[in-house]
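A short write-up of the structure that comes next.
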Amino acid sequence: MPEPQPSRPLVHRETRDTVAVLRLDDPDRRNVLSPRMVRDLVDAVEACERDDTVSAIVLTGAGPAFCAGAELDNLLAAAEGEEHRLREVYAGFLAVASCRLPTIAAVNGPAVGAGFNLALACDIRLAAEEALFDCRFARLGLHPGGGHTWMLTRAVGHQRATAMLLLSQPVRGPEAADTGLALRCVPGTDLVEEAVALAARAASTDPALLRTIKQTLLESGAEPDVTRVIDTEFERQVRSLHQPAFREAIERARGRR
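Here it is, written out as structure tokens:
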């Protein structure tokens, strides 16, 4: 009897020089965060972090949607007492949020609920003109989860986050760029190429330094006391002065004079 064929991965990886493009690949279900999708996403992110040839990640969706959010079965199971099913959904975007590599969301279409969390978990967002950022939680009678209120407020400020969460006001691609939710809005046909070109700039920075700066950025954003930030930056800046990457950069700069 032939062995059963394994299911195809729901996250497709394509490597472009030093950039890994991770594409959520379940377009018939609008790339919903099913248990399989989450497992494949976590595995893909971890594989990129282990790969010394990868300097940055671009995350996008196949088909017309970026990610339609949590699978309904997971939410219903949680409502029946299996609260751990919510944590299972969180695992996908938390793997992206904790990734030590620079991450760029190329938001090609609707990013809804937990799918919006996935976009927010990335360091940078580029939005296609067709992109739609939609919290959706309140309309489902559901409180936001997975750090959504914190990430959204940090991205757009209290007033706009309130409008999006309490008044169910979605934001489209051009407006996302105007408000800082996205770095910029580009035609959908150019979206992934623009994201890859931006991500490729990470390759010119020492990998260890890149990861340390990202860590400091994340810590600084949540630190209310600037003196602590200064102390942390001082310690890490002194450490970087003693690394080969600093010496090499100085020699290159001297050679250009």
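Mapping of the sequence shown onto the working numbering: position 210 corresponds to residue 204, and the numbering continues sequentially without gaps. C-beta: ideal position from N, C-alpha, C; glycine also.
Could you check the C-alpha separation between residue i and residue j for me, to the nearest Å?
i       : j      : result
Asp67   : Arg24  : 15 Å
Asp11   : Ala193 : 11 Å
Pro(-4) : Arg2   : Note that Pro(-4) has pLDDT 41, beneath the 50 cutoff, so the model's placement of it is unreliable and no number is given.
Arg233  : Ser214 : 18 Å
Arg33   : Gly86  : 7 Å
Ser28   : Arg250 : 52 Å
Glu124  : Ala71  : 32 Å
Asp73   : Ile98  : Rather than Asp, the amino acid found at residue 73 in this sequence is Ala. Each residue's alpha carbon lies about 33 Å from the other.
Leu88   : Gly103 : 21 Å
Pro(-2) : Asp37  : Any reading at Pro(-2) needs caution, since the residue's pLDDT is 38, under 50, leaving its predicted position unreliable; the model's value is listed next. Near 22 Å, if we compare the C-alpha coordinates of Asp37 and Pro(-2).
Asp19   : Arg241 : 43 Å
Ala56   : Glu245 : 44 Å
His78   : Leu69  : 10 Å
Thinking just about the alpha-carbon of each residue, which of the options is nearest to the one in residue i?
i      : options                           : result
Gly174 : Thr183, Leu159 and Arg119         : Arg119
Gln231 : Thr210, Pro218, Val220 and Thr221 : Thr210
Leu134 : Thr221, Gly63 and Gly75           : Gly63
Val150 : Leu18, Cys179, Ser49 and Leu114   : Leu114
Ala196 : Val186, Gly107 and Ile51          : Ile51
Val101 : Arg166, Cys129 and Ala122         : Ala122
Leu185 : Val15, Arg7, Val5 and His6        : Val15
Thr54  : Thr221, Val5 and His78            : Val5
Cys129 : His152, Leu80 and Ala157          : Ala157
Asp200 : Ser49, Gln153 and Asn111          : Ser49
Is the Cβ of residue i closer than 8 Å to any Cβ of chain B?
i     : result
Ala71 : Included in the structure is just one protein chain, with no chain B present.
What whole-angstrom Cβ distance do residue i and residue j have, given they're in contact under 8 Å?
i     : j     : result
Val90 : Val39 : 6 Å
Touch check for the segment 199 to 209 and the segment 135 to 148: three-plus C-beta pairs under 8 Å?
no
Inside the segment 123 to 150 only - beta strand (DSSP E) runs reaching at least 3 residues:
126 to 128
For a minimum of 3 consecutive residues, which ranges assigned as the beta strand (DSSP E) are wholly contained in the segment 147 to 185?
178 to 180
In chain order, which continuous runs of the alpha helix (DSSP H) of length 4 or greater are located wholly inside the segment 57 to 116?
66 to 73, 78 to 91 and 108 to 115
Segments assigned alpha helix (DSSP H), at least 4 residues, entirely inside the segment 2 to 60:
29 to 44
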